[in-house]
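What follows is a single structure, written as structure tokens, with notes after it.
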Amino acid sequence: MSGQSITDRIAAAQHSMTGSAISKAVCKATTHEVSGPKKKHLDYLIYCTNEMNVNVPQLADTLFERTTNSSWVVVFKALITTHHIMMYGNERFIQYLASRNTLFNLNNFLDKGALQGYDMSTFIRRYSRYLNEKALSYRLVAVDFTKMKRGIDGVMRTMNTEKLIKTLPIIQNQLDALLDFQAKPNELTNGVINAAFMLLFKDSIRLFAAYNEGVINLLEKYFDMKKNQCKDALDIYKKFLYRMTKLSEFLKVAEQVGIDQGDIPDLTQAPSSLLEALEQHLASLEGKKTKELSADNRANTLSNAVSSLSNTGMSFSFSSSRMDEKEKQQALEEEQARLQALKVGYNLSHYFLMPNLNSDLFDLQPAFVPAVQSTPISTASSAWGGAAHSTHTHTHDHRCRIYCYDALGDLLKPTVTVHTQAPVMAPHTGSKLLASDLDSSLANLVGSELSLHVFACRSDMQWTQPGEKKLTGGTNWQSKTMSSTTAWSPAPLPPAAMPPAAMPVPHMLGQMGGVPVMTQPPMLYNQPVLRPTNPFTTIPGAQMQFM
Numbered sequence: 001m002s003g004q005s006i007t008d009r010i011a012a013a014q015h016s017m018t019g020s021a022i023s024k025a026v027c028k029a030t031t032h033e034v035s036g037p038k039k040k041h042l043d044y045l046i047y048c049t050n051e052m053n054v055n056v057p058q059l060a061d062t063l064f065e066r067t068t069n070s071s072w073v074v075v076f077k078a079l080i081t082t083h084h085i086m087m088y089g090n091e092r093f094i095q096y097l098a099s100r101n102t103l104f105n106l107n108n109f110l111d112k113g114a115l116q117g118y119d120m121s122t123f124i125r126r127y128s129r130y131l132n133e134k135a136l137s138y139r140l141v142a143v144d145f146t147k148m149k150r151g152i153d154g155v156m157r158t159m160n161t162e163k164l165i166k167t168l169p170i171i172q173n174q175l176d177a178l179l180d181f182q183a184k185p186n187e188l189t190n191g192v193i194n195a196a197f198m199l200l201f202k203d204s205i206r207l208f209a210a211y212n213e214g215v216i217n218l219l220e221k222y223f224d225m226k227k228n229q230c231k232d233a234l235d236i237y238k239k240f241l242y243r244m245t246k247l248s249e250f251l252k253v254a255e256q257v258g259i260d261q262g263d264i265p266d267l268t269q270a271p272s273s274l275l276e277a278l279e280q281h282l283a284s285l286e287g288k289k290t291k292e293l294s295a296d297n298r299a300n301t302l303s304n305a306v307s308s309l310s311n312t313g314m315s316f317s318f319s320s321s322r323m324d325e326k327e328k329q330q331a332l333e334e335e336q337a338r339l340q341a342l343k344v345g346y347n348l349s350h351y352f353l354m355p356n357l358n359s360d361l362f363d364l365q366p367a368f369v370p371a372v373q374s375t376p377i378s379t380a381s382s383a384w385g386g387a388a389h390s391t392h393t394h395t396h397d398h399r400c401r402i403y404c405y406d407a408l409g410d411l412l413k414p415t416v417t418v419h420t421q422a423p424v425m426a427p428h429t430g431s432k433l434l435a436s437d438l439d440s441s442l443a444n445l446v447g448s449e450l451s452l453h454v455f456a457c458r459s460d461m462q463w464t465q466p467g468e469k470k471l472t473g474g475t476n477w478q479s480k481t482m483s484s485t486t487a488w489s490p491a492p493l494p495p496a497a498m499p500p501a502a503m504p505v506p507h508m509l510g511q512m513g514g515v516p517v518m519t520q521p522p523m524l525y526n527q528p529v530l531r532p533t534n535p536f537t538t539i540p541g542a543q544m545q546f547m
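Note that UniProt numbering has the sequence shown beginning at 1, numbered continuously upward.
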């Protein structure tokens with residue numbers, strides 16, 4: 001079984017629709033995929049425990065609900081997620097777990113439908129017992145042993161005798177539940193149980209470090225205790241030696257599955273002579289006849305035992321500190337990787353979205369330097385919707401062409417109604433254009449050639465897209481495509497005739513700024529007066545007709 005199942009995706013979609021981000025994260029962290037919970041989901045849940053507006057009981061109840069699933073993968077990952085939050089989340093989470101009457105009731109859990117269901121169900125039952133015991137320990141002492149202060153001035157080293165005798169059995173019970181996991185190297189075969197084993201390994205190091213410091217404090221006060229206290233202390237020490245042996249086996253498994261050798265501490269047991277000295281002191285308190293050691297021998301034996309246990313404690317503390325530093329370093333590296341990814345994404349978005357004002361994209365069109373051909377032709381007129389005059393010349397590099405575009409960026413071309421008669425080009429008799437000055441050329445053209453004429457504005461010429469060009473006319477009419485390489489022509493226009501309304505007029509040919517003007521239909525009507533936009537026209541109020 002690999003990958004998220006359809007059930008996982010549907011559940012995540014439902015939580016997305018309901019707006020429950022915590023439930024969605026829990027669902028994502030406890031999918032049917034046979035691998036450990038993803039770090040991003042665990043980090044989000046840890047972040048939620050540190051927010052005051054997050055409902056921690058809802059988070060815990062959601063995890064408990066996932067443990068009711070029939071799949072061992074989902075249940076195991078729910079336990080791993082709970083354990084991870086207990087270790088790294090806010091203390092409010094474990095406080096809530098400790099306040100509950102019941103936690104995980106998985107003593108009879110068994111998955112019969114999966115391939116590894118029988119084997120993994122056994123470890124699920126053991127793992128759930130340890131989490132229950134961990135929460136119970138917090139309820140009894142109101143402190144997490146894996147997070148308490150350690151060292152000479154730590155909590156366990158400065159604890160008084162009565163409280164110490166009551167606290168050490170609680171640590172023993174939690175450590176017993178942890179060591180009862182009893183996983184062998186050949187049983188750690190998938191990512192789920194490996195993730196659980198790593199969390200147990202970290203807990204075992206920190207838990208035994210606190211346990212070891214408590215035993216050192218107990219031994220230092222042993223010869224000053226009362227008889228009942230000495231009896232309890234001796235029993236605690238014997239159990240401590242047994243658990244040290246079991247822990248060494250657990251650490252051997254950790255070494256075989258690939259955990260770094262530097263993270264595995266060294267266990268140094270106290271000399272056996274210390275146990276004999278403790279038993280003889282208790283027997284003397286009970287009134288039994290035994291061979292008592294001298295004060296000097298007893299002090300030396302106790303000093304050697306405390307030194308050995310202190311070395312063990314230092315080794316465990318060093319391993320714990322090293323694991324903490326590695327986790328911090330890994331978190332810093334991941335944070336730097338995220339920042340680098342964000343910087344790269346920002347640079348890419350900035351590159352694609354923001355224009356570079358210094359780039360050559362704005363220099364693709366050089367300065368306007370018109371190159372005039374031997375026979376320039378005029379193509380612009382101010383009567384075309386007030387368009388600006390522009391001289392289009394045909395050069396070998398096509399640098400000086402200026403076009404008009406519509407709102408969608410398509411090239412606009414004038415559509416001309418085609419008539420039956422072919423256009424007749426008037427002979428070129430005007431003066432030459434000035435190549436270096438467009439305004440002077442226009443003024444010279446209008447002053448010399450068009451002083452007695454009126455510019456005509458054809459109603460059948462409109463700016464449209466090339467794809468929308470429609471040809472209209474009679475059966476024998478032919479179209480004439482206008483050249484895009486035309487310029488202003490000084491060809492003269494004949495005087496425009498003013499026929500009466502509704503009277504047939506003969507066919508007339510003329511030119512408007514170099515553009516051939518077609519004849520009109522036989523019947524013409526009076527047109528409204530149009531005020532020309534060309535400032536060089538001599539009759540501003542003249543009546544205009546469409547040619």
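Quick reminder that beta carbons are idealized off the backbone N, C-alpha and C, glycines included.
Please identify the residue among the options whose C-alpha is closest to the C-alpha of residue i.
{"i": "S310", "options": "L278, V257, T67, I216", "result": "I216"}
{"i": "N105", "options": "V75, Y88, M86, F93", "result": "V75"}
{"i": "S71", "options": "E91, V56, S121, N55", "result": "S121"}
{"i": "K39", "options": "I85, I94, R243", "result": "I85"}
{"i": "I264", "options": "A283, Q280, R206", "result": "R206"}
{"i": "N173", "options": "R243, D296, E279, T102", "result": "R243"}
{"i": "V34", "options": "I193, Q340, E255", "result": "I193"}
{"i": "H281", "options": "M225, V257, F318, D260", "result": "M225"}
{"i": "V54", "options": "V73, H41, F93", "result": "F93"}
{"i": "K239", "options": "Y211, M159, E255", "result": "Y211"}
{"i": "L179", "options": "M52, Y88, L199", "result": "L199"}
{"i": "E213", "options": "A98, T158, I22", "result": "T158"}
{"i": "Q256", "options": "F197, Y88, T268, L110", "result": "F197"}
{"i": "L307", "options": "R139, K147, L267, G36", "result": "Contrary to the premise, residue 307 reads as Ser rather than Leu in this sequence. If we check each option's Cα against that of S307, L267 comes out closest."}
{"i": "I259", "options": "A25, K147, R139, P185", "result": "P185"}
{"i": "A233", "options": "E162, P271, M87, Q182", "result": "E162"}
{"i": "L42", "options": "K77, D153, E333", "result": "K77"}
{"i": "G262", "options": "K134, A331, F318", "result": "F318"}
{"i": "I236", "options": "E279, E187, A11", "result": "E279"}
{"i": "E91", "options": "T312, P57, V155", "result": "P57"}
{"i": "Y138", "options": "N108, R322, Q95", "result": "Q95"}
{"i": "F22", "options": "Y44, A13, I10, A11", "result": "A small fix is needed here, since residue 22 is Ile in this sequence, not Phe. Checked all of Y44, A13, I10, A11; the closest Cα to I22 is Y44."}
Suppose the cutoff is 8 Å on Cβ atoms and the five residues either side in sequence are ignored; what does the same chain contact list for residue i look like?
{"i": "L274", "result": "L219, T301, L302, N304, A305"}
{"i": "M286", "result": "With the sequence shown as reference, residue 286 is identified as Glu, and Met is not the correct amino acid for it. Excluding positions up to five away in sequence, the list reads K227."}
Just verifying my parser: in three-state terms, what is the DSSP assignment at residue i?
{"i": "K149", "result": "coil"}
{"i": "I259", "result": "coil"}
{"i": "A270", "result": "coil"}
{"i": "M156", "result": "coil"}
{"i": "S23", "result": "helix"}
{"i": "F109", "result": "coil"}
{"i": "L247", "result": "helix"}
{"i": "M225", "result": "coil"}
{"i": "P37", "result": "coil"}
{"i": "T189", "result": "coil"}
{"i": "R100", "result": "coil"}
{"i": "S16", "result": "helix"}
{"i": "V215", "result": "helix"}
{"i": "H32", "result": "coil"}
{"i": "Q95", "result": "helix"}
{"i": "E276", "result": "helix"}
{"i": "S315", "result": "helix"}
{"i": "residue 568", "result": "Residue coverage of the chain in this structure runs from 1 to 547, which leaves residue 568 outside it and unanswerable."}
{"i": "I85", "result": "helix"}
{"i": "T161", "result": "helix"}
{"i": "M52", "result": "coil"}
Could you round the C-beta distance between residue i and residue j to whole angstroms and report it? I think they count as a contact, below 8 Å.
{"i": "T81", "j": "A29", "result": "5 Å"}
{"i": "L79", "j": "I124", "result": "7 Å"}
{"i": "Q229", "j": "I165", "result": "6 Å"}
{"i": "F316", "j": "A209", "result": "4 Å"}
{"i": "A135", "j": "L97", "result": "4 Å"}
{"i": "R100", "j": "F181", "result": "Contact flag wrong, Cβ pair sits at about 23 Å."}
{"i": "A195", "j": "G89", "result": "With 8 Å as the limit, A195 and G89 do not qualify as a contact, their Cβ atoms being about 16 Å apart."}
Using a Cβ-Cβ cutoff of less than 7 Å, which residues in the same chain neighbour residue i once the five nearest sequence positions on both sides are dropped?
{"i": "A254", "result": "F201, I264"}
{"i": "H83", "result": "L131, L199"}
{"i": "L140", "result": "I170"}
{"i": "F250", "result": "L179, S204"}
{"i": "R150", "result": "A209, A210, E213, S317"}
message: Contact between the stretch 111 to 126 and the stretch 46 to 63 is defined here as three or more beta-carbon pairs at a separation below 8 Å; is this criterion met?
response: no
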